[in-house]
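Asker: First, the structure itself, so that you have it in front of you.
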């Protein structure tokens, strides 16, 4: 089974960080989003990966070749970017008629029993019950649990089963044929070629039976707030405890992830803080934040913050002599 990972998106909701790096390489809980995905799949025995790159794709390709040189990796460029369906369609020449595929979106960190899913016959789509699924693809099922309809970002959802970006497809050739038909006939939804439309054509025209499987733990990294929530959850899950290195006059409150080569002094770090490699921090208090590599922070108090790589941040340090009955508000 081949793995297809689309990572061509701009990641506009994570700006300004995605001005200088692709969204898939934004760090969370001590390593890039993409590494969480690849590491989980390699652990389950996957060896062949197809990456669909676009925006800053050379950085993704360099990262994969540098860090994951043991896997069989292929790269396809999506330009222009016309939706996930279009992205997956571009991989068709790398697939054989008998291939099965696992499609995982490049900003979807997941936690489910991969082996139990890939060993089942037929095609399966990962879903999660969501209070407001209007921002997702939505699946409607019949009484036997088979998908009757897939609709992208419905204004009035008839189901609360949101597609989470994990697709195990047994009939890969039929999916490619369906996507090919939609693209050649310019069949779009919200001005894009969506994967959901290709899957619906498989169901309607080819009579393919597709079921869903429930993903209990699915972590969204698409925006700052959800990225920080994911960072905290994964740090707790991975038991990010006290680091091995010692820091001068510093209190560490787990869970944290502090990379190698950091110099920290006279500070309070944690909880829920990830710090990249070779970052210098002094006289600061950090909690619920992600700090990039090669950065320098001094005299700052940060919470719910994301600081990129090679950043320099110096706060305001006062020396005060305050008399009785004084009120000062630095805000």
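In our numbering, the protein residues as written are 46 to 376.
Glycine is no exception: its CB is placed at the ideal position from the N, C-alpha and C atoms.
1) So, with DSSP's three-state summary, where would you put residue 212?
2) Mapping DSSP to helix, strand and coil, what is residue 182?
3) To the nearest angstrom, report how far apart residue 340 and residue 111 are at their CA atoms.
4) How is the alpha helix (DSSP H) around residue 103 delimited, first residue to last?
5) Suppose contacts are defined by Cβ-Cβ distances below 8 Å. Is residue 196 in contact with residue 182 by that definition?
6) Quick one: Cα of residue 207 to Cα of residue 333, how far?
7) Since residue 324 contacts residue 336 with CB under 8 Å, what's their CB separation in whole angstroms?
8) Going by the beta-carbon positions, is the gap between residue 119 and residue 135 smaller than 8 Å?
9) By the three-class DSSP mapping on this structure, what secondary structure does residue 280 have?
10) Using DSSP with H/G/I as helix, E/B as strand and the rest coil, what is residue 367?
11) Rounded to a whole number of angstroms, what is the C-alpha to C-alpha distance between residue 290 and residue 103?
12) According to DSSP, simplified to helix, strand and coil, what is residue 359?
13) Taking the beta strand (DSSP E) that residue 239 falls in, what are its first and last residues?
14) Rounded to a whole number of angstroms, what is the C-alpha to C-alpha distance between residue 116 and residue 360?
15) Return yes when the Cβ of residue 49 is within less than 8 Å of the Cβ of residue 133, no when it is not.
16) Using a Cβ-Cβ cutoff of less than 6 Å, which residues in the same chain neighbour residue 215 once the five nearest sequence positions on both sides are dropped?
17) Less than 6 Å between C-beta atoms, sequence neighbours within five positions excluded: which residues of the same chain meet that for residue 377?
Answerer: Put simply:
1) Stepping through the chain shown from its first residue, residue 212 is reached at position 167. In the structure shown, the three-state DSSP call for residue 212 is strand.
2) Locating residue 182 in the chain shown gives position 137, where the first residue counts as 1. Of the three classes helix, strand and coil, the one that applies to residue 182 here is strand, per DSSP.
3) For this step, residue 340 is matched to residue 295 along the chain shown. For this step, residue 111 is matched to residue 66 along the chain shown. Going from the Cα of residue 340 to the Cα of residue 111 covers about 23 Å.
4) Reading the chain shown from its first residue, position 58 is the one you call residue 103. 102–112 is the extent of the alpha helix (DSSP H) around residue 103.
5) Taking the first residue of the chain shown as 1, we reach residue 196 at position 151. Taking the first residue of the chain shown as 1, we reach residue 182 at position 137. With contacts defined by Cβ atoms closer than 8 Å, residue 196 and residue 182 form a contacting pair.
6) Along the chain shown, read from residue 1 onward, the residue named residue 207 stands at position 162. Along the chain shown, read from residue 1 onward, the residue named residue 333 stands at position 288. Those two C-alpha atoms are separated by around 28 Å.
7) As a working note, residue 324 is residue 279 in the chain shown. As a working note, residue 336 is residue 291 in the chain shown. So it is a contact: roughly 6 Å between Cβ atoms.
8) Position 74 of the chain shown, counted from the start, is the residue given in the question as residue 119. Position 90 of the chain shown, counted from the start, is the residue given in the question as residue 135. No.
9) By 1-based counting over the chain shown, the position of residue 280 is 235. If DSSP states are grouped into helix, strand and coil, residue 280 belongs with the helices.
10) By one-based count along the chain shown, residue 367 stands at place 322. Residue state for residue 367 is assigned as coil, using DSSP reduced to three classes.
11) One-based indexing of the chain shown puts residue 290 at position 245. One-based indexing of the chain shown puts residue 103 at position 58. Taking the straight line joining both Cα atoms gives about 34 Å.
12) As a first step, residue 359 must be located in the chain shown, where it is residue number 314. Residue state, collapsed to three classes: strand.
13) The sequence position of residue 239 within the chain shown is 194, counting from 1. Premise fails: residue 239 is in no beta strand (DSSP E) and is neither H nor E.
14) Your numbering for residue 116 matches position 71 in the chain shown. Your numbering for residue 360 matches position 315 in the chain shown. Going from the Cα of residue 116 to the Cα of residue 360 covers about 44 Å.
15) Here the question's residue 133 lines up with position 88 in the chain shown. Here the question's residue 49 lines up with position 4 in the chain shown. Cβ distance < 8 Å, so residue 133 and residue 49 count as in contact.
16) The residue you call residue 215 lines up with position 170 of the chain shown. Contacts found: 145, 167, 168.
17) Because the chain spans 46 through 376 in this model, residue 377 falls outside it and cannot be assessed.
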